[in-house]
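Reviewing the structure listed below.
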Amino acid sequence: LCLSLFLSDTETVMDTRTATAELGWISFPANGWEEVSGYDENLNTIRTYQVCNVFEPSQNNWLLTTYIDRRAAQRIYVEIRFTVRDCASIPSVLGSCKETFNLYYLETDRTVSEGIKGVDTIAADESFSQVDFGGRLMKVNTEVRSFGPLSKGRGFHLAFQDLGACMSLLAVRVFYKKCPSIVQNFAFFPETLTGAESTSLVIARGSCIPNAEEVDVPIKLYCNGDGEWMVPIGSCSCKAGYEPDNGNVCRACPQGTFKSFQGAGLCQQCPLNSRSTIEAATLCGCRNGYYRGDMDKPEDMCTSVPSAPRNVVSVVNQTSVLLEWHSPRDTGHRDDLSYNVLCRRCHSSERRACQPCDDSVAFVSGKRGLKETRVKISKLRAHTSYTFEIQAVNGVSNKSPYPAQQLSINITTNQAAPSVVPIMHQVSSTSRSFSLSWPPPEQPNGIILDYEIRYYDKVEWDDKCLWSETPNVVLEGLRPGTGYVVQVRARTVAGYGAYSKDMLFQTLTDDEYKSELGQQLSLIAGSLVGGVCIVSLVAIAIICTSGPTPTVTFPTLSEGHSSPGVKIYIDPFTYEDPNEAVREFAKEIDPSCVKIEEVIGSGEFGEVYKGRLKPVGKKEIPVAIKTLKVGYSERQRRDFLSEASIMGQFDQPNIIRLEGVVTKSRPTMIITEFMENGALDSFLRQNDGQFPVIQLVGMLRGIASGMRYLAEMSYVHRDLAARNILVNSNLVCKVQSSPLCLRLRWTAPEAIAYRKFTSASDVWSYGIVTWEVMSYGERPYWDMSNQDVINAIEQDFRLPAPMDCPVVLHQLMLDCWQKDRNARPKFPDIVSMLDKMIRNPASLKAGTNNIAPGPSHHPLLDRGAPDLSRVSSVEDWLAALKMTQYRDSFLGSGFTSLPLVTQITAE
């Protein structure tokens, strides 16, 4: 609402009621106006001018005031108190008797000049017919008139013209209006004169009071024609270290208190273990031995470092050790306690002979930032002494100049057998033998003496063993065409390690062996060029026909209930190597299968093309091809391919389908299905008004179905808008992902204020998309600035129904725009509602734009023009529309008269 902030103030420049001597005004002719002493209705003595020549014809009596200094005022107000005799009560009066008089003004610089201007003809509200010399029966009239703009001189004269009335001027007060100096929103605004017109708005710039700073700029108020302040814009607030006092003073925080932020909050007592010794403190410094962590807030207490861990116990198992300990007695009054475990390998009993452990030592739960009071360490050397130091640290340990408190323990590992041989490889095979090799164990724990190889026929299960001093062996005397299970284990002086896992190897049949020999001879004699061609064709066929990588599914929790096997979205940026996510979720396509035809657009990272994909043995299909521009950085490549890592996880008819990627050659490409009609917003604008409502609802249903699928996968889109919806030739709408760019017109309030993105914020955006669809791609909130949009939403403004939009659809939008995100419908609810509309088309034929005004209605967005025959000014027109809060916008844009207003278009 647009409310005046204070009552108006006036400045009087002339008042005949205060005169104690003759007024000395000029009367012409001499027998016209006459100055006399009289009484007002309260019997106070006053100086008046009166005239009553009603018995003489053709009266034209003038009365000119003395010079009046306007004091830079551009508009002057005149308050006249007067009496008029009723002509009908005067016997034998001529027909020229009047009951009115005229008021004029003359701008001048203290000398009378030409250029007198009329103000108004003034008539009495009440006249009197009987005369009582005491004045008690006279009926006094009070009229106020204003004139301006004044600019030709420093002052003016007033003139009164009588054309045959019997009247008396009891008092004349001349004044102008001004807005008084004030302090509003911790900003000072000086005294400001009103403008030249009664509808003028004069801008007053404000300045922050001492110890206050700007919050929103510019800081200004508007002084209207009635001398009232209105439409506050911008504000100040007390600086950090100062608190508001009575709303117009920023008072320094006293010693022992602080205020860390700018705003309306009050000073707070210093937290525990801190103090402030000065006024206006923005932070209380920690006492000696106490600190604040990097993530601690100014209002948090100061804390200390923890004491050392206690009672460490070790359990050694060959070359592994399990360490357990108790928490420190003193945690430093913090809840972010963690532990670091330092490992040193010692060559003797002297501490200085110990060296840090190498990277081969494995800490099962990690060695830094441990939350549990235990850790398992493996892959140590046999018969070796180690020292482990356990440090207790918290969020202020890095602030302390003293080393972290720690607890040490010395252990010696036992003798250990070798670790397991990781894998075996078949080098060659015949019908009676095959050759195997393997890498040494990762942890030999000593010198490998030999390897034991155990194998058996998969059919007869006849175990046989042999030994080899090298990591390879040839198994002979085998049966043709038979599978053999083979295991191997290593031996040191400590004994045998565990067997490797079972591996199956196959001998050739006699025919296969002969055939292989023949093929080898044929290949030697064959054409090298022909062999290369065959290999190339086979490679292309394998690449182009390879199926997509199976998508991993995980159990997830939804609405507090377990749903095993539900597929959920995995953020590709959680992978240590983003390329791994691309390999897992996107199929690599050979570039020879892709044909680029024409440019159809440009994206954030490069050009977008229309093309064809022709996998070997499959039908050629049209595709859209996004390319990565030349000269990209590794970060740009990662961000570009992250879109494929996201899209590759989705499989739903209303989500854009990923065909695959090209990453092993340039340019890098993302290949998706081709959508013939492009982006939804431009498609709707090109086909404005061409579709029945039920077809638009069907398109909205497809979008909602896609969003329901994404919500079920725990994926938050964050940038749902018509521009990110693509339309194919069958008018099927499909959602595509896009790099996040916070576009305020589509974003929920909690996402703007707190970056709280959820499926509920996607529902808000879906409401905006619904409005875009029903308005055929019109820009939400039209040309309002982003800040105006934010302010309007905070004041519960919501977009009105588009033209011809059914009430049920606009109500769905309003439900999506609930301020409380928990009150918004879920996407499954939206799909259900749209299905009901489609099954009941009659619900879509209800009246449009007939929703009663409420928090979602705003007159600025009404399309209808006002009836200009009933208004006389821009201010009246705005008032009729209940839009007076936009008066400064209209006047500031030059729309100062009704003819100019009629030129405003809907755009």
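Just so you know, full-length UniProt numbering puts 538 at position 538 of the sequence shown, and the rest follows in order with no gaps. Note that CB positions come from ideal geometry on N, CA and C, so glycine has one too.
- Shown here, residue 674 sits in coil according to DSSP, grouped into three states, outside any helix or strand.
- Of the residues assessed, residue 46 falls on the buried side of the cut-off, its CB having 16 or more other CB atoms within 10 angstroms.
- Beyond the five residues adjoining it in sequence on each side, residue 360 comes within less than 6 Å, by CB distance, of 379 in the same chain, given in chain order.
- Setting aside the 5 residues that flank it on each side, residue 828 is surrounded in the same chain by 708, each with a C-beta closer than 6 Å to its C-beta; the list follows chain order.
- A contact between stretches requires three or more CB pairs, one per stretch, nearer than 8 Å, and the segment 200-208 fails this requirement with the segment 87-96.
- DSSP places residue 194 outside both helix and strand once states are collapsed to three, so it counts as coil.
- Contiguous alpha helix (DSSP H) elements confined to the segment 7-38 do not occur, taking only those with 4 or more residues.
- Counted as a single uninterrupted DSSP element, the alpha helix (DSSP H) harbouring residue 749 occupies residues 749-754.
- In the DSSP assignment, residue 237 falls within the unbroken beta strand (DSSP E) covering 229-238.
- Residue 411 carries a strand assignment under DSSP once its states are collapsed to helix, strand and coil.
- Under DSSP, the beta-bridge partners assigned to residue 607 are 602.
- Within the segment 683-767, the complete beta strand (DSSP E) segments at least 3 residues long are 725-727 and 733-735, listed from N- to C-terminus.
- Positions of the alpha helix (DSSP H) runs, each at least 4 residues long and wholly inside the segment 105-188, cannot be given because no such run exists.
- CA-to-CA, the gap between residue 825 and residue 334 works out to about 41 Å.
- Check the Cα spacing between residue 667 and each of 589, 645 and 621: the tightest is with 589.
- Annotation for residue 816: the continuous alpha helix (DSSP H) segment containing it runs 807-816.
- For a cut-off of 8 Å, the C-beta gap from residue 98 to residue 163 is around 5 Å, short enough to register as a contact.
- When 264, 263, 243 and 763 are compared, the shortest CA-CA separation from residue 257 is found for 243.
- Separation of residue 427 and residue 580 (C-alpha to C-alpha, rounded to the nearest whole angstrom) is 30 Å.
- In terms of CA proximity to residue 718, 752 leads the group 752, 731 and 879.
- Nearest Cα to residue 592 within the set 573, 600, 614 and 585: 614.
- Boundaries of the beta strand (DSSP E) around residue 320: 320-326.
- Residue 509 counts as exposed, since fewer than 16 other C-beta atoms from the protein chains shown sit within 10 angstroms of its C-beta.
- For residue 326, the closest C-alpha among the options 317, 293 and 312 is that of 312.
- Residue 454: member of the beta strand (DSSP E) spanning 450-457, first to last residue.
- Per DSSP, reduced to three states, the secondary structure at residue 268 is strand.
- For residue 227 against residue 177, the beta-carbon gap comes to about 4 Å, under 8 Å, which counts as contact.
- Annotated three-state conformation of residue 370 is strand, per DSSP.
- With respect to the C-alpha of residue 183, the residue from 165, 237 and 141 having the closest C-alpha is 237.
- Listed as beta-bridge partners of residue 276 by DSSP are no residues whatsoever.
- Within the segment 639-668, complete beta strand (DSSP E) segments of at least 3 residues are found at 658-662, given in chain order.
- In the displayed model, residue 62 falls within a strand according to three-state DSSP.
- If you ignore the 5 residues before and after residue 711, its C-beta comes within less than 6 Å of the C-beta of 759 and 827, all in its own chain and listed in chain order.
- One thing to note: residue 504 has its Cβ no nearer than 9 Å to the Cβ of residue 464.
- For residue 496, the beta-bridge partners assigned by DSSP are 491.
- The shortest C-alpha to C-alpha distance from residue 71 to any of 18, 324, 192 and 808 is the one to 192.
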